[in-house]
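Student: The C-terminal residue of the sequence shown carries number 442 in this note's numbering, and the numbering is unbroken.
Pasting a structure below so you can have a look.
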Amino acid sequence: MFPALVHPAHFHSLASFKEQPTPAAMQSGQAGGQAIVHTVAGIAIVSVAGVTVHRNGAIHPTGGTSSYEGLQIQIQMALDNPDVRGIMLDLNSGGGEVAGLFDLVDLIYEGRAQKPIWALIDETGASAAYALASAAHRIVMPRTAQAGSIGVVLGHVDMSSAMEKAGLSVTLIHAGARKVDGNQFAPLSAEAKARLQAEVDQLYSLLTSTVARNRAISESAVRNTQAALFTGQHAVKAGLADEVMASHDALQAFYDHLNGQRRPAAPRAHAQQAAAPVSAERPAFRSLAAKVYGS
Numbered sequence: 148m149f150p151a152l153v154h155p156a157h158f159h160s161l162a163s164f165k166e167q168p169t170p171a172a173m174q175s176g177q178a179g180g181q182a183i184v185h186t187v188a189g190i191a192i193v194s195v196a197g198v199t200v201h202r203n204g205a206i207h208p209t210g211g212t213s214s215y216e217g218l219q220i221q222i223q224m225a226l227d228n229p230d231v232r233g234i235m236l237d238l239n240s241g242g243g244e245v246a247g248l249f250d251l252v253d254l255i256y257e258g259r260a261q262k263p264i265w266a267l268i269d270e271t272g273a274s275a276a277y278a279l280a281s282a283a284h285r286i287v288m289p290r291t292a293q294a295g296s297i298g299v300v301l302g303h304v305d306m307s308s309a310m311e312k313a314g315l316s317v318t319l320i321h322a323g324a325r326k327v328d329g330n331q332f333a334p335l336s337a338e339a340k341a342r343l344q345a346e347v348d349q350l351y352s353l354l355t356s357t358v359a360r361n362r363a364i365s366e367s368a369v370r371n372t373q374a375a376l377f378t379g380q381h382a383v384k385a386g387l388a389d390e391v392m393a394s395h396d397a398l399q400a401f402y403d404h405l406n407g408q409r410r411p412a413a414p415r416a417h418a419q420q421a422a423a424p425v426s427a428e429r430p431a432f433r434s435l436a437a438k439v440y441g442s
């Protein structure tokens with residue numbers, strides 16, 4: 148039992164995940180011949196797909212999960228690479244674990260001082276995944292994409308009645324009064340529930356204050372979303388995104404922005420930025436993006 152930053156629809160996937168140790172290849176910065184950072188026209192494409200976890204033994208999304216550890220490696224390499232002009236976070240995730248999230252969010256937020264960073268929510272950026280997106284300079288999303296679910300959830304399963312019907316009982320031998328709080332073999336006590344609620348509330352404050360900092364909006368505005376999901380233009384109106392556009396147009400827009408040599412301003416809920424001049428030599432991103440995402 149642990150607090151999670153995940154949309155309830157994805158809670159079971161997170162609960163069934165078993166963290167894997169970090170392999171030696173990942174620790175050494177190698178990825179078995181696979182490119183660690185995908186780039187197109189000077190843009191690093193960092194994919195956040197599936198449930199987000201602290202570690203899963205891989206740099207890139209695998210087995211329906213993305214690890215904060217792998218994302219940190221990709222983002223830091225992109226920041227350090229002089230050939231990378233900007234970073235695009237490509238998100239399709241309902242969120243996931245708390246552990247490791249906020250340090251990665253801070254890395255992205257601080258990385259904005261080094262290079263332009265955009266986030267594309269295509270098609271879900273919820274809870275922990277939205278926290279990652281919020282750290283970017285700018286958030287864009289297709290009209291059917293959903294952003295938000297800025298909240299914390301913790302689940303407790305009481306198996307005591309089912310075990311009693313099965314003729315089973317469990318005795319926990321322990322030291323420390325709070326050691327077995329929240330165990331599944333007994334109903335959740337009022338004291339344990341209050342302690343867990345306080346932990347959830349503390350994490351919620353950290354999440355809402357972090358998103359407010361990243362998006363340059365008030366924390367009350369973040370809390371007023373009530374952890375709801377917002378689709379397309381509604382997300383823009385709520386201050387959770389900056390513009391609605393198709394995914395292939397987002398990559399093109401970012402390239403045009405970089406070509407205009409303008410560093411993006413910090414996000415504002417309703418600010419509209421003028422379009423950057425279009426290069427006559429810009430690449431055809433529909434085909435380039437297909438190569439990146441198909442690699």
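Ideal Cβ placement from N, Cα and C applies to all residues, glycine included.
As the structure is a prediction and not an experimental result, all values here were calculated from the model.
One question on the structure: do Ser281 and Arg362 come within less than 7 Å of each other, judged by their Cβ atoms?
Tutor: The count along the sequence shown starts at 1 and reaches residue 281 at position 134. The count along the sequence shown starts at 1 and reaches residue 362 at position 215. Going by C-beta atoms, Ser281 is nearer than 7 Å to Arg362.
Student: Taking the Cβ atom as the reference point for each residue, do Glu216 and Asn239 lie within a distance shorter than 7 Å?
Tutor: Within the sequence shown, residue 216 is the residue found at index 69, counting from 1. Within the sequence shown, residue 239 is the residue found at index 92, counting from 1. Taking 7 Å as the Cβ cut-off, Glu216 and Asn239 do not qualify as a contacting pair.
Student: On the CB-based measure, 16 or more other CB atoms within 10 Å of its CB, does Ser214 come out buried or exposed?
Tutor: Indexing the sequence shown from 1 puts residue 214 at position 67. Ser214 comes out buried.
Student: What did DSSP end up calling Ile268 once you bin it into helix, strand or coil?
Tutor: For this step, residue 268 is matched to residue 121 along the sequence shown. Three-state DSSP puts Ile268 in a strand.
Student: Here's a check: name, in chain order, each residue in its chain whose Cβ is nearer than 6 Å to the Cβ of Glu244, leaving out the five neighbours to either side.
Tutor: Within the sequence shown, the letter at position 97 stands for residue 244. Around Glu244: Val200, His201.
Student: Just mark Leu248 as buried or exposed, buried being the case when its beta carbon has 16 or more other beta carbons within 10 Å.
Tutor: Mapped onto the sequence shown, residue 248 falls at position 101. Answer is buried; the Cβ neighbour count reaches 16.
Student: My assumption, with CB atoms under 8 Å, is that Gly258 sits in contact with Ile264. Please give the rounded CB distance.
Tutor: As a first step, residue 258 must be located in the sequence shown, where it is residue number 111. As a first step, residue 264 must be located in the sequence shown, where it is residue number 117. Correct: roughly 6 Å between the Cβ atoms.
Student: Pick helix, strand or coil for Ala151, following the three-state DSSP scheme.
Tutor: Translated into the one-based positions of the sequence shown, residue 151 becomes position 4. Of the three classes helix, strand and coil, the one that applies to Ala151 here is strand, per DSSP.
Student: Using the Cβ count rule (16 or more neighbours within 10 Å means buried), how would you classify Leu350?
Tutor: Here residue 350 is taken as the residue at index 203 of the sequence shown, counted from 1. Flag for Leu350 reads buried.
Student: Report yes if the C-beta distance between Gly210 and Leu152 is below 7 Å; otherwise report no.
Tutor: Here residue 210 refers to the residue found at position 63 of the sequence shown. Here residue 152 refers to the residue found at position 5 of the sequence shown. In this structure, Leu152 does not lie closer than 7 Å to Gly210 by Cβ.
Student: Val195 to Lys312, Cα distance in whole Å?
Tutor: Position 48 of the sequence shown, counted from the first residue, corresponds to residue 195. Position 165 of the sequence shown, counted from the first residue, corresponds to residue 312. Computed Cα separation, rounded: 43 Å.
Student: How big is the Cα-Cα spacing for Leu279 and Val304?
Tutor: Start at 1 with the first residue of the sequence shown, and residue 279 comes out as number 132. Start at 1 with the first residue of the sequence shown, and residue 304 comes out as number 157. Answer to the nearest angstrom: the Cα atoms are 29 Å apart.
Student: Output the distance between the C-alpha atoms of Val347 and Asp227, rounded to the nearest integer angstrom.
Tutor: The sequence position of residue 347 within the sequence shown is 200, counting from 1. The sequence position of residue 227 within the sequence shown is 80, counting from 1. Roughly 36 Å separates the two Cα atoms.
Student: Give the DSSP-derived three-state secondary structure of Tyr256 in the structure shown.
Tutor: For the purposes of this step, residue 256 is taken as the residue at position 109 of the sequence shown. Helix.
Student: Going along the chain, which unbroken runs of the beta strand (DSSP E) with 3 or more residues stay wholly within the stretch 289 to 345?
Tutor: Segments of the beta strand (DSSP E) lying fully in the stretch 289 to 345: 293 to 295.
Student: Closest to Ile192 by CA distance: which of Ile320, Pro289, Ile268 is it?
Tutor: Locating residue 192 in the sequence shown gives position 45, counting from the first residue. Here the closest residue by C-alpha is Ile268.
Student: Whole angstroms is fine: what's the gap from Pro150's alpha carbon to Gln344's?
Tutor: Stepping through the sequence shown from its first residue, residue 150 is reached at position 3. Stepping through the sequence shown from its first residue, residue 344 is reached at position 197. Cα-Cα distance, rounded: 10 Å.
Student: For Val391, tell me which candidate among Val287, Ala294, Val300, Val198 has the shortest Cα-Cα distance.
Tutor: In the sequence shown, the residue the question calls residue 391 occupies position 244. Checked all of Val287, Ala294, Val300, Val198; the closest Cα to Val391 is Val287.
Student: Taking DSSP as the reference, what is the three-state secondary structure of Asp237?
Tutor: Within the sequence shown, residue 237 is the residue found at index 90, counting from 1. Here Asp237 sits in strand by DSSP.
Student: Where do the N-terminal and C-terminal ends of the beta strand (DSSP E) with Ala388 fall, by residue?
Tutor: To locate residue 388, count along the sequence shown from 1; it is residue 241. Run containing Ala388: none; DSSP gives neither H nor E here.
Student: Answer yes if the stretch 395 to 404 comes into contact with the stretch 292 to 299, meaning at least three C-beta pairs across the two stretches below 8 Å, and no otherwise.
Tutor: No, the stretch 292 to 299 is not in contact with the stretch 395 to 404.
Student: Which term fits Thr318, buried or exposed, when burial requires 16 or more other beta carbons within 10 angstroms of its beta carbon?
Tutor: On the sequence shown, position 171 is the one that residue 318 refers to. The residue is exposed, with fewer than 16 neighbouring Cβ atoms inside 10 Å.
Student: When DSSP builds the beta bridges, which residues end up paired with Glu244?
Tutor: In the sequence shown, residue 244 corresponds to position 97, counting from 1. Per DSSP, Ala151.
Student: For Val368 versus Phe377, is the C-beta distance shorter than 7 Å?
Tutor: What you label residue 368 is simply residue 221 of the sequence shown in a count that begins at 1. What you label residue 377 is simply residue 230 of the sequence shown in a count that begins at 1. Checking the displayed sequence, the identity of residue 368 turns out to be Ala instead of Val. The answer is no: Cβ separation not under 7 Å.
Student: Give me whichever residues DSSP pairs with Ala273 in a beta bridge.
Tutor: Within the sequence shown, numbered from 1, the residue matching residue 273 stands at position 126. Paired residue(s): Gly295.
Student: Quick check on Leu236: buried or exposed, where buried means 16 or more other Cβ atoms within 10 Å of its Cβ?
Tutor: Stepping through the sequence shown from its first residue, residue 236 is reached at position 89. Result: buried.
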